[in-house]
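K.L.:
Sending over a structure as structure tokens; questions will come in a sec.
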Amino acid sequence: DTGVSQDPRHKITKRGQNVTFRCDPISEHNRLYWYRQTLGQGPEFLTYFQNEAQLEKSRLLSDRFSAERPKGSFSTLEIQRTEQGDSAMYLCASSLEQGKNYGYTFGSGTRLTVV
Amino acid sequence: AQSVSQHNHHVILSEAASLELGCNYSYGGTVNLFWYVQYPGQHLQLLLKYFSGDPLVKGIKGFEAEFIKSKFSFNLRKPSVQWSDTAEYFCAVKSNFGNEKLTFGTGTRLTIIP
Numbered sequence: 001d002t003g004v005s006q007d008p009r010h011k012i013t014k015r016g017q018n019v020t021f022r023c024d025p026i027s028e029h030n031r032l033y034w035y036r037q038t039l040g041q042g043p044e045f046l047t048y049f050q051n052e053a054q055l056e057k058s059r060l061l062s063d064r065f066s067a068e069r070p071k072g073s074f075s076t077l078e079i080q081r082t083e084q085g086d087s088a089m090y091l092c093a094s095s096l097e098q099g100k101n102y103g104y105t106f107g108s109g110t111r112l113t114v115v
Numbered sequence: 116a117q118s119v120s121q122h123n124h125h126v127i128l129s130e131a132a133s134l135e136l137g138c139n140y141s142y143g144g145t146v147n148l149f150w151y152v153q154y155p156g157q158h159l160q161l162l163l164k165y166f167s168g169d170p171l172v173k174g175i176k177g178f179e180a181e182f183i184k185s186k187f188s189f190n191l192r193k194p195s196v197q198w199s200d201t202a203e204y205f206c207a208v209k210s211n212f213g214n215e216k217l218t219f220g221t222g223t224r225l226t227i228i229p
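Chains as they are written, first to last, in this note's numbering: chain H, 1 to 115; chain R, 116 to 229.
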């Protein structure tokens with residue numbers, strides 16, 4: 001499978017715990033994005049990497065959230081001291097730089113439930 | 116800041132009916148426009164996209180969308196729907212300059228009755 005992979009698919013955690021999600025983009029894609037989707041809403045942008053550089057962060061990304069993309073390959077999203085409001089689907093997407101074939105490819109997401 | 120409105124939250128149609136889902140965006144500059152579909156239990160998939168040129172864009176599975184700049188709209192159409200089109204449909208906009216984020220609408224849930 002050459003799509004975007006996310007791990008784990010589901011995560012249940014207790015409030016206050018830290019969680020980390022992983023995203024493996026399509027190998028030739030140099031851009032990687034994190035989005036969050038809550039029930040009844042469209043995905044909301046969190047952050048974006050070009051290669052290993054984090055170029056844009058949303059105001060939604062509080063200081064409890066941190067994302068990394070070492071070596072410009074896979075990425076991790078960590079949430080510290082989780083809160084119930086963090087419960088959502090966390091989506092990863094990747095793309096090539098803009099061109100005729102530009103378009104995000106999304107992964108299946110990691111569903112986080114904070115209890 | 117850009118925003119997207121999808122006024123139809125839930126649309127129910129019979130098979131073979133024609134479909135039009137509304138999408139309006141708010142942004143003063145040049146935009147790129149997208150429709151994504153999410154089938155039950157699956158990830159978001161790109162249906163079609165508009166970058167420039169012909170405002171009538173054809174996508175996969177018989178879908179098309181028309182960009183009407185004067186109306187800030189990018190409505191999705193299909194002349195004859197199938198049961199397998201049951202899914203959630205998201206319109207998204209990206210500005211052509213500066214930031215890379217996609218701004219999504221809240222989605223339209225489409226239910227096709229056999």
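For each residue, glycine too, the CB sits at the ideal point set by N, CA and C.
Can you tell which of Thr226/R, Ile227/R, Gly222/R, Pro229/R has the C-alpha that lies nearest to the C-alpha of Val119/R?
P.N.:
For the purposes of this step, residue 119/R is taken as residue 4 along the second sequence, with counting starting at 1. When only C-alpha atoms are compared, the closest one is Gly222/R.
K.L.:
Show which residues of chain B have a CB atom less than 7 Å away from the CB atom of His158/R.
P.N.:
Structure shown: chain B not included; protein chains present are H and R.
K.L.:
Any residues in the region 213-226 of chain R with a beta carbon nearer than 8 Å to a beta carbon of chain H? Which ones, in chain order?
P.N.:
So the close ones are Asn214, Glu215, Lys216, Leu217, Thr218, Phe219, Gly220, Thr221, Gly222.
K.L.:
Across the region 108-115 of chain H and the region 202-211 of chain R, are there enough close Cβ pairs to call them in contact, namely three or more that are closer than 8 Å?
P.N.:
Segments in contact, no.
K.L.:
Quick check on this structure: which residue in Thr13/H, Phe74/H, Ser62/H has the alpha carbon closest to the alpha carbon of Ala93/H?
P.N.:
Position 93 of the first sequence, counting from 1, holds the residue named residue 93/H. Selected option, being the one with the closest Cα: Phe74/H.
K.L.:
Cα-Cα, which of Met89/H, Asn30/H, Ser62/H is closest to Gln80/H?
P.N.:
Residue mapping note: residue 80/H aligns to position 80 of the first sequence, counting from 1. Cα-wise, what sits closest to Gln80/H is Ser62/H.
K.L.:
So the candidates are Ser185/R, Leu171/R, Gln197/R; which of them puts its Cα closest to the Cα of Gly143/R?
P.N.:
Translated into the one-based positions of the second sequence, residue 143/R becomes position 28. Nearest option by C-alpha distance: Ser185/R.
K.L.:
Which of the residues in the region 158-180 of chain R, read from start to end, lie with their CB under 8 Å from any CB of chain H?
P.N.:
The region 158-180 of chain R vs chain H, Cβ under 8 Å: His158, Leu159, Gln160, Leu161, Lys164, Phe166.
K.L.:
List the residues of chain H that Phe205/R touches, going by C-beta distances under 9 Å, in chain order.
P.N.:
Translated into the one-based positions of the second sequence, residue 205/R becomes position 90. Neighbours of Phe205/R on chain H, chain order: Gly42, Pro43.
K.L.:
Within 10 angstroms of the Cβ of Tyr90/H, are there 16 or more other Cβ atoms? Answer buried if so, exposed if not.
P.N.:
Residue mapping note: residue 90/H aligns to position 90 of the first sequence, counting from 1. Buried, because 16 or more other Cβ atoms sit within 10 Å of the Cβ of Tyr90/H.
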